[in-house]
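Engineer: For reference, the structure I am asking about is given below.
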Amino acid sequence: MTLPLRAVIFDLDDTLFDDTGCTHAGLRALAAQSGLSVPPAELFARHAAHIRAIDPLLFRGELTAHGARVLRFTRLLTELGVPDPDGEAATVTYREAYRAAWAPLPGAAEVLHELRAAGLRLAVLTNYVREVQALKLAHFGLDALVDAVLCVEEVPAAKPDPRAYHAACAALAVTPAEAVMVGDSREKDVQGARRAGLRAVWVNRGSQAAPEPGVPVIAHLKELPGVLSLVPTG
1 MTLPLRAVIF
11 DLDDTLFDDT
21 GCTHAGLRAL
31 AAQSGLSVPP
41 AELFARHAAH
51 IRAIDPLLFR
61 GELTAHGARV
71 LRFTRLLTEL
81 GVPDPDGEAA
91 TVTYREAYRA
101 AWAPLPGAAE
111 VLHELRAAGL
121 RLAVLTNYVR
131 EVQALKLAHF
141 GLDALVDAVL
151 CVEEVPAAKP
161 DPRAYHAACA
171 ALAVTPAEAV
181 MVGDSREKDV
191 QGARRAGLRA
201 VWVNRGSQAA
211 PEPGVPVIAH
221 LKELPGVLSL
231 VPTG
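Take our numbering: the final residue in the sequence shown is number 234, and no numbers are missing along the way.
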């Protein structure tokens, strides 16, 4: 028997917050400063690869968020042939443009308000550090609209490990069968959540990836309230 839905757990970046748009803004500024003529899609992909390589050092406490950025941009610019790159200056340039472009995804606050009004408990579960993520949430007042925020250093393991979702459920005092995970990552927000016993909604804004069987797909957050009653058990 399907238990009633009592809680919604959201990813943050590219689910509630427009991280991709901000990243492109930061990289455009960095390319202009450094005289790079790399196609935007290639620059974005190279940058993402360096994030994946360096994040484990950040998560283990071997680097601060700022230190991770300096190392990331030093490596990226070196890879792109910039002689003697200044990682500190690159970090400042990127971060200023990234922050200037900060924006929630359309409907984020409105959907959180609507779900709270419906009596659902809400959480954010993110695979990044609180030092960064808490600022984003607070900047737009989204932190006041959720009951719990769990960042990567506060859970036993990052998504898609089942323990991440179970920690979020525990913070909301619900069972996995009473919760749904909403996010843009097929692996981390859909498949991992379902393996952990949660339901899932996939936020897919144009990816050509094949549908996940049994999982509702939305292109915009405003669609979420309408599909929640249709989410099957995992």
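All C-beta atoms, glycine included, are put in the ideal place defined by N, C-alpha and C.
Write down the C-beta distance between S74 and P83 rounded to the nearest angstrom, noting that I regard them as a contact closer than 8 angstroms.
Structural biologist: It is worth fixing the name first, because residue 74 is Thr in this sequence and not Ser. With 8 angstroms as the limit, T74 and P83 do not qualify as a contact, their Cβ atoms being about 12 angstroms apart.
Engineer: Cutting at 6 angstroms between CB atoms, please list the residues of its own chain near H50, excluding the five before and the five after it.
Structural biologist: Hits under 6 angstroms: R72, R75, L76.
Engineer: To the nearest angstrom, report how far apart G26 and A45 are at their CA atoms.
Structural biologist: So the alpha carbons of these two residues sit roughly 14 angstroms apart.
Engineer: Looking only at DSSP bridge pairs, what is V182 linked to?
Structural biologist: V182 is bridged to F10, V201.
Engineer: By Cβ distance, which residues of its chain are closer than 6 angstroms to C169, with the 5 residues on each side in sequence left out?
Structural biologist: These residues qualify, in order along the chain: P176, A179.
Engineer: Have a look at A193 and E62 and give me their C-alpha separation to the nearest angstrom.
Structural biologist: One C-alpha to the other measures close to 29 angstroms.
Engineer: Which full runs of the alpha helix (DSSP H) of 4+ residues lie inside the region 14-96, going along the chain?
Structural biologist: Whole alpha helix (DSSP H) segments, 4+ residues: 19-34, 40-59, 65-79.
Engineer: Could you give the distance in angstroms between the alpha-carbon of H24 and the alpha-carbon of L120?
Structural biologist: Going by the C-alpha atoms only, they are around 34 angstroms apart.
Engineer: Based on DSSP bridge pairs, tell me the residues matched to V149.
Structural biologist: Per DSSP, V124.
Engineer: With DSSP run on the structure shown, which of helix, strand or coil describes V215?
Structural biologist: V215: coil per DSSP, three-state reduction.
Engineer: Terminal residues of the continuous alpha helix (DSSP H) containing H139?
Structural biologist: Note, H139: alpha helix (DSSP H), 130-139.
Engineer: When the Cα atoms are used, what is the spatial distance from G234 to N204?
Structural biologist: Confidence at G234 is low in this model, with a pLDDT of 47, below 50, so its placement is unreliable and no value can be given for it.
Engineer: Distance, Cα to Cα, G206 vs V217?
Structural biologist: Going from the Cα of G206 to the Cα of V217 covers about 11 angstroms.
Engineer: Candidates G35, E96, A109, L58: which alpha carbon is nearest G81's?
Structural biologist: Nearest of G35, E96, A109, L58 to G81, Cα basis: G35.
Engineer: Just curious, the alpha helix (DSSP H) that V190 is in, first and last residue?
Structural biologist: Per DSSP, V190 belongs to no alpha helix (DSSP H) and is neither H nor E.
Engineer: Where DSSP assigns a beta bridge to P104, which residues make up the other side?
Structural biologist: DSSP output for P104 lists F17 as bridge partner(s).
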